[in-house]
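Engineer: Line by line, the protein sequences are chains A and B.
The first sequence begins at 34 in the numbering used here and counts up by one.
The second sequence begins at 34 in the numbering used here and counts up by one.
There's a structure below that I have some questions on.
2 protein chains.
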Amino acid sequence: MSKPGTPGDQAFDAQGFARGIHELLVLAALREEPRHGYQIALDVEAHSNGVFRFRHGTLYPLLHRMEANGLIQGRWSSGAGRRKKVYSLTDTGRRHLSGEADRVEEILAGLMQMLRRAREVPA
Amino acid sequence: MSKPGTPGDQAFDAQGFARGIHELLVLAALREEPRHGYQIALDVEAHSNGVFRFRHGTLYPLLHRMEANGLIQGRWSSGAGRRKKVYSLTDTGRRHLSGEADRVEEILAGLMQMLRRAREVPA
DNA sequence: GATGATATATCGGTAGTCGATATAATGTTG
DNA sequence: CAACATTATATCGACTACCGATATATCATC
Numbered sequence: 034m035s036k037p038g039t040p041g042d043q044a045f046d047a048q049g050f051a052r053g054i055h056e057l058l059v060l061a062a063l064r065e066e067p068r069h070g071y072q073i074a075l076d077v078e079a080h081s082n083g084v085f086r087f088r089h090g091t092l093y094p095l096l097h098r099m100e101a102n103g104l105i106q107g108r109w110s111s112g113a114g115r116r117k118k119v120y121s122l123t124d125t126g127r128r129h130l131s132g133e134a135d136r137v138e139e140i141l142a143g144l145m146q147m148l149r150r151a152r153e154v155p156a
Numbered sequence: 034m035s036k037p038g039t040p041g042d043q044a045f046d047a048q049g050f051a052r053g054i055h056e057l058l059v060l061a062a063l064r065e066e067p068r069h070g071y072q073i074a075l076d077v078e079a080h081s082n083g084v085f086r087f088r089h090g091t092l093y094p095l096l097h098r099m100e101a102n103g104l105i106q107g108r109w110s111s112g113a114g115r116r117k118k119v120y121s122l123t124d125t126g127r128r129h130l131s132g133e134a135d136r137v138e139e140i141l142a143g144l145m146q147m148l149r150r151a152r153e154v155p156a
């Protein structure tokens, strides 16, 4: 694995990265307590000063996908009133959260290194 | 702009982010001196310890796109031997480099905040 | 002359974001 | 109560562009 170019290294995957970020945002929002989709969107937006924002057309399919993958589990709130589907982290999801956090952190380190390089004034 | 949720804020755009990263990698690689595509790929991989890696099917269309957008300018090396298309930064590209670097840095700050949050141990 | 590295190019499959649109219950205001 | 905004979820089609595969050609080495 010391040889550069060896496949299997966990390198930056542009497609997976954006998706992974969205998943992380959801998982992080559910870290403390279960929430329903709309709440997750508000929560994410509030905690990031509006940097991250879920569109409806992105969020709900994402939640369905994550539920199908066993990362979260949804239950329709039984009470009367507006129907809400409340999601909570599964054990898999909780494990995934910390694992992905490590992975993303490595990539962020690489990105910051790149930014430093981008800012070096050419001689 | 103080009001959170105001549209027009430059928020995280999942699609644009991944593309922006790839563009930044190219621009940063050309910061000091012109290089041809294959060189850029090697350079990026070397400077990121293999975290970032360009596939050929990604790199060359990207270079064409960036040239069409006026961020870089390519010239076929006139000498004999293997043909190489050497790219250099345009003024637009140089401006874009610093602008995008600022934008990405903001997003990175948001991502790191999210990571911290993801790691907080729930009570 | 076969293999492998250098060097560029293109295409089709694929996945997922995003805007638009739909539905419906609830809160609010006059 | 009528009209409207907000809360809440869902789905679809257009679009974008990454990625693996494939092709072409030069050069070095053996």
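Yeah, the Cβ is synthetic: ideal placement off N, Cα and C, and Gly gets one too.
A quick note: this is a predicted structure, and the numbers were derived from the prediction, not measured.
Grab me the residues of residue 105 of chain B's own chain with a C-beta within less than 8 Å of its C-beta, minus the 5 sequence neighbours each way, in chain order.
Structural biologist: 59, 60, 63, 96, 99, 120, 121, 122, 123 and 126
Engineer: Does residue 113 of chain B come within less than 8 Å of chain A when only Cβ atoms are used?
Structural biologist: Chain A contact via Cβ: absent.
Engineer: Using a Cβ-Cβ cut-off of 6 Å (strictly less than) and excluding sequence neighbours within five positions of residue 86 of chain A, which residues of its own chain qualify?
Structural biologist: 78
Engineer: Just the Cα atoms here: how many angstroms apart are residue 53 of chain B and residue 133 of chain B?
Structural biologist: 8 Å
Engineer: If we count the other Cβ atoms within 10 Å of its Cβ and call it buried at 16 or more, is residue 89 of chain A buried or exposed?
Structural biologist: exposed
Engineer: Figure out for me which residue from B/140, B/147 and B/93 has the closest Cα to the Cα of residue 159 of chain B.
Structural biologist: Absent from the model: residue 159 of chain B. The displayed extent of chain B is 34 to 156, so no value can be given.
Engineer: Under a three-way DSSP split, which group does residue 119 of chain A fall into?
Structural biologist: The answer is strand: DSSP assigns residue 119 of chain A an E or B state.
Engineer: Any idea which residues DSSP pairs residue 108 of chain A with across the strands?
Structural biologist: A/119
Engineer: Give the straight-line distance between the Cα atoms of residue 153 of chain B and residue 102 of chain B, rounded to the nearest whole angstrom.
Structural biologist: Cα-Cα distance, rounded: 43 Å.
Engineer: Excluding sequence positions up to five away, which residues of its chain have a Cβ less than 6 Å from the Cβ of residue 110 of chain B?
Structural biologist: 117 and 119
Engineer: Name, please, each residue of chain A whose Cβ falls closer than 8 Å to the Cβ of residue 137 of chain B.
Structural biologist: 144 and 148
Engineer: For residue 151 of chain A, does the count of other Cβ atoms within 10 angstroms reach 16, so buried, or fall short, so exposed?
Structural biologist: buried
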